[in-house]
Amino acid sequence: MTFTAFILLFQIFLPGSSPGHSGSIVELGDSLVRATLDWPDQSPEGGFVFTAPDGRLTQTWVNELTDLEAVKRNKQLFLMIRWPDIKANKPVLYLEGILSGFSIYQNNRLIYPDSLLQKPETIRYNQFHIIPVDTTVKPIRLFLRLNFDHILELGSSRKLLAGDQTDILEHTIRYQQDSLVMAIANLLMGFTLLILANIILLSFLKFPRSIRKILVPFAWLFLVAAVDYLFTANYAFMPVSPIDFHPVVYAVVPLTIIYLLPVFYLIFFIRLYHAGWKQILWWMVGAHLILMLVTAVTLIDPTDFISIPILISELFIVLDFIFLLIILWQYRRSGSGIILTGISFLITFILVILDLSAMTGSQMENFSLYGIGFLLIAASYAFQVGQEYFRTHQIVETVQLELESQKARLSSLQETNMRIQVDALKSQINPHFLFNSFSTLLGLIEEKSEKAGPFVQELSNVYRYILLSKDKNLTELKSELEFLDAYTYLLKQRHQDGLHVEVDVPEAARDLKLPVLTLQLLVENATKHNIISVKKPLIIQIVWQSPGFLSVRNNLQRKPVMTLSTGMGLTNIRERYRFFTELPVEIHETSDRFTVTLPLLPAETPS
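Counting from 1, position 131 in the sequence shown corresponds to residue 126 in my numbering; the numbering is continuous, with no gaps.
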């Protein structure tokens, strides 16, 4: 595989050359043949020409040119067109290429462009040209003068045909149709790879940093391949493409991409390998980059040496192939996804080597096979992502089920704990309150007071409420207020006019709910910690506050000796409220007032 610009030129123009027969004719149709070129022994304008050694292939002549500097200095090269022995009503030449300028001479007369006013340099790069030839004048001496800004342009001529105008036009239409199909295929593959590269880049956010390091060269592989296919698509669209690149671009870009592919392969493997292999792989990357630099220099002044870096590039791809086999062996038990990806890479390597081996200037517009391998890699990548997604989804579902189970268990424990606390409150009421109530009742009996009967009735109402609320966590406000009336009646028999309980709650609000025994606990807390006497009465106010709050406040007149507290009062109320609502229980204390604000729960809240 030789990539020297001159060799490309003659590989295209001289497909049938053989030793001693440089002007052979290849039949392509009724009158359509591929015209051949030879070194002329003179030029129509006395320009710089070469005389080739006899009996040598034209490719060999190029390699043996000793005055290449003269060609580059004159920036033109004359070649003789050997007109084939054909019968044609309207004989024409067909020239297709991306030349920056050329001229056709017949018997020392300029025939294309048809006027010197149209400078050869004005011809578009990506055009085809049909040139009439006068075959009545014998002998037919045709010369092609190639003008160039850079010597690489000489390798950009693609086709030179001779034949009847009708056959040429039919061939042109058929060829353009085939080129259009190839261009569309390359265009679709290029955009597909470009989209896949962007998908891989966007998926970085979904993976940890260790996986991102692997995906970076992975994404760049797809980007480089996408550029290659899109660039080839434009080349295949010639000469109808609206994009007009300089011929040097068509020579440099594909070669650069050929070098970039194995470099990104190597970086990909570096991300996968352990430290021992990484050092070797980094040395290979460095050597390959140096080789790219050397090749760039040879592109500026091309010689046969340019074929050596290409061969070394193929060697690197073979080494990549070997490294991938090692990776597959190491990860052979890691799951079907890894194996599928490895097989996809192996197929891609094989296709890349086949494409490199088949690459010539005349085949640049064809469809490269390695893109199919990239699609296989993307499919295996998608397969692994899908596997990871479903595996993660299953884990999430399992965790969610476990979380729901834990929440249910926690809710049950919280409810059980709350019931224990409520039962503790009830048991706290029983001995202490019962002792005080019996003491008061005993006093009433000794006084033979008529209040003894109602006292016993209210006492029974209190304990009936406690028993009926045994299995409840919440109760209606009206039930709590009715219980509080009975409870307050018993307290007032002991404290007389030293205790006043005032309730200001509208009927519409009495269907709302609150934790059971909350009001009793607040009233008990107030009577326990404050002085109660006729001279210094304790006033407890229960007041509705819109929207949906109840305020329980009392004047603050603390006892001089602190009463021992069980710690189950306000803390208990807050904890029980937290189980049903996020609204807080607010406590405010000033120098003369103590206020607790309770949120009331909707009537439909389960008890």
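Just so it is clear, CB atoms sit at the ideal spot from N, CA and C, and this is done for glycine as well.
Distance, Cα to Cα, residue i vs residue j?
i	j	result
F544	L512	17 Å
D80	I106	20 Å
I348	L396	52 Å
P555	T522	14 Å
T592	R573	14 Å
L310	I321	17 Å
V580	I461	23 Å
Y89	T187	35 Å
L216	F385	27 Å
R571	E577	11 Å
I99	A228	29 Å
F636	R404	Because the chain spans -4 through 602 in this model, residue 636 falls outside it and cannot be assessed.
V518	D466	23 Å
V170	W277	For the record, residue 170 in the displayed sequence is Tyr; it is not Val. Looking at the two C-alpha atoms, the distance is approximately 46 Å.
W78	K133	11 Å
S339	V391	31 Å
V451	A481	10 Å
W324	I179	39 Å
A221	L370	11 Å
D315	V211	17 Å
L141	G281	39 Å
L364	V176	15 Å
V28	N181	Residue confidence for V28 is low, a pLDDT of 49 falling below 50, so the modelled location carries little weight and cannot support an answer.
H583	P542	19 Å
L398	A503	40 Å
D173	D159	21 Å
I342	F97	43 Å
V219	N193	12 Å
Sorted by chain position, which residues of the same chain lie with C-beta nearer than 6 Å to residue i's C-beta, five sequence neighbours on each side aside?
i	result
L551	D587, R588 and F589
P127	V87
L60	For L60, the predicted structure reports a pLDDT of 40, less than 50, and the residue's modelled location is therefore unreliable. The matter cannot be settled from this model.
L225	G185
Q616	Summary: the structure shown does not reach residue 616, with the chain confined to residues -4 through 602, and so no result is reported for it.
E497	Q536
E383	none
Taking C-alpha atoms, which residue in the options lies nearest to residue i?
i	options	result
I534	Q452, G281 and D492	D492
G337	F311, L364, I372 and I285	I372
S198	A377, K530 and S541	A377
T167	F138, F123 and I190	F123
L335	G368, L364, D315 and L314	G368
Q195	N525, S375, V394 and P542	In the sequence as presented, Gln is not what sits at residue 195; that position holds Ile. Per the Cα distances, S375.
N567	L514, L175 and T131	L514
L509	N456, I252 and L595	L595
L156	I76, P108, F318 and S174	I76
R104	S363, I135, I125 and R553	I135
T161	E502, L364 and K85	K85
P601	S541, S546, H524 and N468	N468
N525	D499, D173 and R553	R553
S546	V500, H388, I285 and L463	V500
Hey, could you find the ends of the alpha helix (DSSP H) residue i is sitting in?
i	result
T522	T513 to H524
N468	Run containing N468: none; DSSP gives neither H nor E here.
V176	Q160 to L197
A567	Checking the sequence shown, residue 567 turns out to be Asn, not Ala. Counting along the chain, the alpha helix (DSSP H) containing N567 begins and ends at L565 to F575.
L472	L472 to H490
Between which two residues does the beta strand (DSSP E) harbouring residue i extend?
i	result
K85	Where K85 is concerned, there is no enclosing beta strand (DSSP E), given that its DSSP letter is neither H nor E.
K133	It is not in any beta strand (DSSP E) - K133 carries neither H nor E in the DSSP assignment.
F544	F544 to N550
W539	L533 to Q540
R527	Arg is not the amino acid found at residue 527; the sequence shown has Ile there. Element bounds for I527: n/a, residue is neither H nor E.
L509	K508 to P510
L105	R104 to Y107
E581	E581 to E584
F589	R588 to P594
L494	L494 to D499
So that I know if they touch, is there some Cβ in chain D lying closer than 7 Å to that of residue i?
i	result
L472	Absent from the structure: chain D. Only one protein chain is present.
Near residue i, which residues of its chain fall below 8 Å by C-beta distance, leaving aside the five closest residues on each side in sequence?
i	result
L494	T483, L486, K487, T522, I527, P532, L533 and I535
N520	G564 and L565
R505	E471, L472, K473 and L476
P449	Y484
Using a Cβ-Cβ cutoff of less than 7 Å, which residues in the same chain neighbour residue i once the five nearest sequence positions on both sides are dropped?
i	result
E599	none
R548	Q536, R588, F589 and T590
L191	F217 and A373
F362	M177, A180 and N181
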